[in-house]
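Report on the structure given below.
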Amino acid sequence: MKYSVDGVPRDDQPRPGQCLRTFLREHGANSVKKGCDAGDCGACSVLVDGHPTHSCIFPAHRLGGRDVVTAAGLGTPEKLHPIQQAFVDAGGFQCGFCTAGMVVTASALSVEQKSDLACSMKGNLCRCTGYRSIRDALAGTSNTETAKTGGAQGRSIAAPASARIVTGTEQYTMDFSPGEKPIGLLHVAVLGSPHAHAHITRIDTAAAEAAPGVAAVLTFQDSPDVLFSTARHEDRNDDPDDTRVFDRTVRFRGQRVAAVIAETPTQAERALSLIEVDYEVLDAVFEPDLARSPGAPLLHGDKDESSRIAEVPRNVVAALHDGVGDLDRALADATAVVEGTWKTARVQHVALETHGAVGWLDEDGRLVIRSSTQVPFLVRDELAHIFDLDRSRIRVFAKRVGGGFGGKQELLTEDLVALAVLRTGRPVAYEFSRSDQFTIAPSRHPMRVSVRAGADADGTLTALAIDVLSDAGAYGNHSIGVMFHGCAESMAVYRAATKRVDAEAVYTNNVPSGAFRGYGLGQIIFAVESAMDQLADRLGMDPFEFRRRNVVVPGDDFVDWHVEDGDLEFGSYGLDQCIDLVDSALSSGRGEAAPAGSRWQIGRGMAIAMIATIPPRGHFSGTTVALEADGRYVVNIGTAEFGNGTTTIHQQIAATELRTTVDRITIVQSDTDAGGYDTGAFGSTGTVVAGKALLIACERLRERILTRAVRLSGRGAQIDDLSPDGVETSHGCLDFATLLEGGPLAADGRHDGTPRSVSFNVHGFRVAVDTDTGRVKILQSVQAADAGTVMNPAQLRGQVEGGVGQALGAALSEEIVIEEGRVINPQLRNYHVPQIGDLPITEVLFADTYDKLGPFGAKSMSEAPFNPVAPALANAIANACGVRMYSTPMTPDRVWSELQARA
């Protein structure tokens, strides 16, 4: 079959039934990404005879005589196509996994199509940006600069990988350059449990083992008898040890029963049907309230205290029951009291790059894992624990990661790949499908949150209590931390003499829950901030004024269920500014005009959120910086890049302190063999922990360079400072090559994540509610963020917009629907991630603060923007039409039902 790819003639024959995406990738077209394999996301988009095409649903056999153009064929990093340059200039990406397909589709748009992006770009999803920067790229708006000269801090420097991302040449986990792919690579296919709870009584793999191409079949009989948690933290004891690589008891539908390791993915999949399994089906429980009730089936009745489960006989993973003051008396004495119960849905991260890993043994027999992970060092350490290996015998590294949002703070593929490599001695790859992401990957914890709150006549909050029930799913990964963290800052942001927290995370036979942007705060803040608005309304107070009167200010203790006496402090404070900025913006008249007609009811709402800038209980980062003779600096740092922008920020920090330009800073990252230990890229620590460690290293290196310059310059020379070309002295510039004649110049830096500061976010909406249909139209969206010094305005704006966009999806449309433990909407088309036409442009404002703890005064700001969005929207809906929404997502049918119930 003759065809061409990017102008190069080809003559190849696809396999029967093969799609164009896999055909192109097998022939080296790495810019064609796998996002869904169902025609839903557009990450695989190519031009076929000039027409944008989802290659995952285009039959490869139809390619004969056609011309294919990929992102790599539109332009090269050295010579970009105009639309690729537009995406670079606009900063129209974050993780970048969707960008190659996005650029390809955009390259073919007519002027008319560009005027209707909701239609013309609806087939290309982005989970990171919130789409505003993509709209800017298509409009030719530039938001970034190259910073060839001058200081780097505080400027909108473009990401160093920009040109590679827009051409599809930046490597992700499954992208190998020619000659790099391991020879003899095997592939994994997994047999999942058809039952929500069962014990395997017999398993026969003989027929599968004899199938063509099969190298091994793995079951519980091959699994190390070691309990661990898929959740990863600095202290592995923070999470319950309740998981095995393979377990004879399965606790949710889809849990691993067996894995086939074969020469091709097709051979592995076909062999699965040959495995015979007999089960003893056990009683299952799907509601957390029932699961903790007497007589409920026990999910982990075989575990003892070494697993660190709070109450095995009640299926309770974690429990918290504590408070300050006399709650009953405080509520009895209050002038106004509100009580209510709110529920949040199970939500998927939908990172466009699915979980995946490739493993092999290097020439020294060491286990090497290349993974899509936010935590390479923690993955290495846990693999050493599971397989009883010394850490020095394992290397884990990550290329660019295609989105994470907390979902890749887990060990989901690496353990199975490691087992397969150690068993077969050959390279092995395992990659989740999009359906796997919905059915076996952890999701956001669904929660039920009851709130009781009271205030006196002048609007002073006197009592605040929450009762939280969290659905952990079948395994407890992250459930302890999510519960405690969610209950902390959501309560501590308010002053009240009396507070009470009752919270439990409970095992069920549902798909496990895990870490997700905000780490529990979004769920609980939805309830608390909704209740605060109701309380303000009962008192006849403006909601902004109610918050001003009751939020914590410097000098106050942080009190959640107890007085915080640890390392949390006010490194800076901008909550007051954020409240004022949003109040002013909503009163400004900006935003869309209200629709005409009496059926549209208009209202506005707001909500606040506080978050610690660093997770508690230890977060460590070490860096090294070395000078090269040509004036470049090489930074070794452990944290991973997954769209959080830390690589750009680290370049800016180093360039600023070393008085050079960002193009002279080379970042080597996320590799356990490259030095620079890092706990991981989670908790928004890339700037405030890894960045602070880097700043310390750069300060030390600068001092060492200047000290050597003094020695070499001789008596009487005046030393000025570093420059991009050397050290400026009164005798001229002392170049770096001369300085290095005295030996290497390098320094290291370390930060242990303490003390910690707090960041604040305030969101406001003006909405119109269609009382005939329940549709909510957002007329204005604004978020003010207290991020300390804004290191990169365009990038930080994008982080806020992306968090808001993801939160709007959870607030308005997204929900994993489960019936009897079975996910019934495991496809993007039935899950409703926001498309480009679904999200408003959010106005982003920044408080003017300088944090004494962060590098150059910066604070963290990747997780936080998510948290106040849903309650602000619910409060706006209530203000518009008088209907209070108590659950997410707030879909039109649910809003309409509440309107009908009120009527």
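734 is the number that numbering that gives the first Met the number 0 gives to position 735 of the sequence shown; each next residue is one higher, with no gaps.
Ideal placement from N, C-alpha and C gives every residue a C-beta, glycine not left out.
Note that this is a predicted model, so its numbers are computed, not measured.
As assigned by DSSP and simplified to three states, the class of residue i
| i | result |
| --- | --- |
| Met927 | Residue 927 cannot be examined here, being either before or after the span of the chain that is shown, 0 to 902. |
| Leu184 | coil |
| Lys342 | strand |
| Arg883 | coil |
| Asp282 | coil |
| Val633 | strand |
| Glu233 | coil |
| Ile704 | helix |
| Ala317 | strand |
| Thr412 | coil |
| Asn791 | coil |
| Ser583 | helix |
| Ala496 | coil |
| Ile274 | coil |
| Ile523 | helix |
| Gly602 | strand |
| Ile648 | helix |
| Phe543 | helix |
| Asp288 | helix |
| Leu739 | helix |
| Arg269 | helix |
| Asp221 | coil |
| Lys113 | helix |
| Ile578 | helix |
| Glu627 | coil |
Residue i to residue j span [Cα, whole Å]
| i | j | result |
| --- | --- | --- |
| Gly100 | Pro76 | 16 Å |
| His477 | Arg883 | 31 Å |
| Phe681 | Ala639 | 9 Å |
| Ala879 | Gly773 | 12 Å |
| His299 | Thr412 | 23 Å |
| Ile666 | Gln650 | 7 Å |
| Gly183 | Val67 | 29 Å |
| Arg9 | Val47 | 14 Å |
| Glu233 | Phe619 | 8 Å |
| Lys407 | Thr737 | 45 Å |
| Arg247 | Val816 | 27 Å |
| Glu262 | Ala70 | 29 Å |
| Ser192 | Ser597 | 53 Å |
| Leu585 | Thr265 | 56 Å |
| Leu382 | Gln522 | 32 Å |
| Phe96 | Cys118 | 21 Å |
| Thr890 | Ala810 | 8 Å |
| Gln254 | Met173 | 24 Å |
Supposed close pair residue i, residue j - CB separation, criterion 8 Å
| i | j | result |
| --- | --- | --- |
| His444 | Val481 | 5 Å |
| Thr788 | Gly856 | 4 Å |
| Leu190 | Val256 | 5 Å |
| Leu415 | Ala188 | Not confirmed; about 11 Å, so no contact. |
| Tyr493 | Asn549 | 5 Å |
| Ala471 | Leu463 | Their Cβ separation, rounded to whole angstroms, is 25 Å, which puts Ala471 and Leu463 out of contact at 8 Å. |
| Arg243 | Val225 | 7 Å |
| His50 | Cys43 | About 14 Å; that fails the 8 Å criterion. |
| Ala608 | Leu520 | 7 Å |
| Asp238 | Ile479 | 6 Å |
Cross-strand partners of residue i (DSSP beta bridge)
| i | result |
| --- | --- |
| Trp895 | DSSP output for Trp895 lists no bridge partner at all. |
| Thr242 | Phe227 |
| Ala622 | Checking the sequence shown, residue 622 turns out to be Thr, not Ala. The partner list for Thr622 (beta bridge, DSSP) reads Ile636 and Gly748. |
| Pro8 | Ser3 |
| Ala197 | Val249 and Val280 |
| Ile393 | Leu366 |
| Phe759 | Met609 and Asp785 |
| Ile133 | BP columns for Ile133 are empty, so no partner. |
Runs of beta strand (DSSP E) lying entirely within the segment 28-82, each at least 3 residues, in chain order: 44-47, 50-53 and 66-68
Run through the segment 419-478 for me and flag every whole alpha helix (DSSP H) of 4 or more residues, listed as ranges in chain order. 433-438
Please list the segments of the beta strand (DSSP E) lying wholly inside the segment 651-723, counting only runs of 3 or more residues, in order along the chain. 664-668 and 718-722
Unbroken stretches of the beta strand (DSSP E), 3 residues or longer, contained in the segment 349-374: Runs found: 355-360 and 366-370.
Can you list, in chain order, the stretches of the alpha helix (DSSP H) that have 4 or more residues and sit fully within the segment 813-883? 868-880
Could I get the ranges of all uninterrupted alpha helix (DSSP H) runs contained in the segment 149-180, with 4 residues as the minimum, in chain order? 161-165
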